[in-house]
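Reading through the structure tokens given below for one structure.
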């Protein structure tokens, strides 16, 4: 089976056709002459239509619109709008509109996913084959491909041959758009006696590894005006055999040469001098460009993909001498993710591709990092709360928590189009993840307490003035942790601890539940209650006082309605179950009330949950039961100790 593994496709047998055979096949298969945009769309595949009105969370984010998702981009989280813009560009280019002559430019902050999108597009270009002009050596039974990987249609004159090709081979005249390369012209004149039918066509697959139809180029030295990285140059070793202006002395090694019929990725394009970029103007607009020597026009039917950050684009755009180039660029913004649920998925993807995929990660750890990252990227709203905006952007309902919270669209309209183009980079979040999982010398894993330490230390190192005082920016970042992330996590962790403790002592929770229901029933019926054990009589006022002891810690603002609601629920259950009360955990509202009332006093819980030496065997058993419950909820024993000690310390301060 090993012979089927690896990059065996690089040496797979090529398919070849005579020119006549190729043209006959074009009658029924338009993919034989499809543009790179068409081949990319085919590789991306048909979209899956998602009716967001059927999903409560998505409906709030996308305003009940039907959105398109693509399997080819399934691992690009929170980038639906960006991907849709890219697909729209390809669709317009496929139709032969102005987009087919434009540079696709991905513009966004560092670490926002531009390079990942570019890599995915290059991988998609490799899915479908291209058809390259070639000549055959009868003696060796081998083919010599055009060094520019040109399409056979370059042999036909669009002015003279378009009607013939359209009539006999069912090919639209708009596909006859490029001239033949200097190599094809020389072969036709010197080797084939002017007979184009002697040309052959070879089917090959683009591959970045061999720079066939896929190529990457970089700006190089900003003081260097050399354009050979794009258009190629003379091969000095061949000047002994050919003159300098002979096509066979020319090395078609430039990015435009190698990426013909495919995709040229230009990294940090706007760092290059404008003279270096000039060949792109004619290559994209006129489908050909000039080399460095006195050769004929070299065809280009590929697509140019560029990407850089916003500052570089602004600097380039503000130079009035660049207007001609600016007009030939389609800009697609690639902002940071602004939904923390999707941001978590990005971190998980990183971990899954590392040795840390199976390392223990305490619940909420990645979520807290994602919330911090997203908070730094959001525009502070007017007359509203930044933390509420965070949750609204995540598709959550805040009616009960923050009545002043605005709708998703109101926040978006107020923030403007540049939201998400700055803030804590995803790449920096990756660095935090790396430090986090290696922070504890005793256990390779991650927990929120260590996360807070790393984030706070990072802020101090990056935003500290002389004398140790934080800058205004540093203070605002620190406040995100101290004013929101820590308090909300403290509440969440407290609930985890409480629930784990109560689950170990379900009888105690059930007793509290039954006690509350009994008092509430007598209060509703306006009857006195006599305690069978103490013989103490509770009138309606005394019953109300006892009920409030349980309700007040939970913040019940309308006890009358709450009591009626709970009692009615229990009576319905009693009627079906021979008078038995339901389990105390079966009614979520009352369960939360009991949890908060039981643990309003931390001193009751500390002896059991703490890791200090226990006074007796019973407390030790209770502690071990608590620890077991916590580990079942996703924590390691080491993490439980760290979190519990932090929780107790914070509660005491």
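In this note's numbering, the protein residues as written are 1 to 653. Built from N, CA and C at the ideal position, the CB exists for glycine as well.
Straight across, the Cα-Cα distance linking residue 399 with residue 57 is about 14 Å. For residue 280, the enclosing alpha helix (DSSP H) starts and ends at 274-285.
In the DSSP assignment, residue 314 falls within the alpha helix (DSSP H) that extends over 310-317.
A direct Cα-Cα distance of roughly 31 Å separates residue 449 from residue 403.
Residue 653 counts as exposed, since fewer than 16 other beta carbons sit within 10 angstroms of its beta carbon.
Note that the segment 436-444 touches the segment 630-650; at least 3 beta-carbon pairs, one per stretch, sit closer than 8 Å.
Put simply, the backbone Cα of residue 388 is about 10 Å away from that of residue 397. Taking a cut-off of 8 Å for Cβ pairs, the segment 302-314 and the segment 96-111 touch, as three or more such pairs fall below it. Annotation for residue 337: 78 and 343 place their beta carbon closer than 6 Å to its own, counting only its chain and skipping 5 residues before and after.
DSSP lists 217 and 306 as the bridge partner or partners of residue 266.
Setting aside the 5 residues that flank it on each side, residue 178 is surrounded in the same chain by 150, 151, 153, 154, 287, 288, 299, 300 and 301, each with a C-beta closer than 8 Å to its C-beta; the list follows chain order.
Beta-bridge annotation (DSSP): residue 411 is not paired with any residue. Take the alpha-carbon of residue 41 and the one of residue 130: they are about 15 Å apart.
As the crow flies, the alpha-carbon of residue 532 is around 22 Å from that of residue 578. Contact check between the segment 159-174 and the segment 118-135: fewer than three CB pairs, one atom from each, fall below 8 Å, which does not count as touching.
Between residue 567 and residue 497, the C-beta gap is not smaller than 8 Å, which leaves the two residues out of contact.
Distance from the Cα of residue 125 is smallest, within the candidate group 197, 43, 169 and 646, for 43. Residue 511 holds the alpha-carbon nearest to the alpha-carbon of residue 590 among 511, 417, 626 and 643.
In the three-state reduction of the DSSP assignment, residue 463 falls in the coil class, being assigned neither a helical nor a strand state. Straight across, the Cα-Cα distance linking residue 375 with residue 127 is about 39 Å.
Of all alpha-carbon atoms in 475, 595, 587 and 545, the one lying nearest the alpha-carbon of residue 508 is that of 595.
Residue 630 has its alpha-carbon roughly 7 Å from the corresponding atom of residue 640.
Under the rule that a run must span 4 or more residues, the alpha helix (DSSP H) segments found entirely inside the segment 564-639 read 588-598, 606-609 and 617-632. Between residue 292 and the set 264, 612, 571 and 256, the nearest pair of CA atoms involves 256.
Checking the DSSP bridge columns, you'll see residue 498 has no partner listed. Spatial neighbours of residue 102 in its own chain (CB-CB distance under 8 Å, excluding positions within 5 residues in sequence) are listed in chain order as 89, 93, 284, 328, 329 and 330. The Cβ-Cβ distance between residue 36 and residue 132 does not fall below 8 Å. Taking C-alpha positions only, residue 417 is separated from residue 386 by approximately 17 Å. In this structure, the CA atom of residue 377 is about 24 Å from the CA atom of residue 306. Within the DSSP secondary-structure output, residue 200 pairs in a beta bridge with 18 and 134. Under the 8 Å Cβ criterion, the segment 59-70 counts as touching the segment 406-415, having at least three qualifying pairs. Close CB contacts of residue 585 within its chain, under the 6 Å cut and outside five residues either way in sequence, are with 591 (chain order). Here residue 537 is exposed. Its C-beta has fewer than 16 other C-beta atoms within 10 Å.
One alpha carbon belongs to residue 492, the other to residue 365, and they sit about 12 Å apart. Between the alpha carbons of residue 581 and residue 495 lies a distance of about 24 Å.
Here residue 258 is buried: its Cβ has 16 or more other Cβ atoms, across all protein chains shown, within 10 Å.
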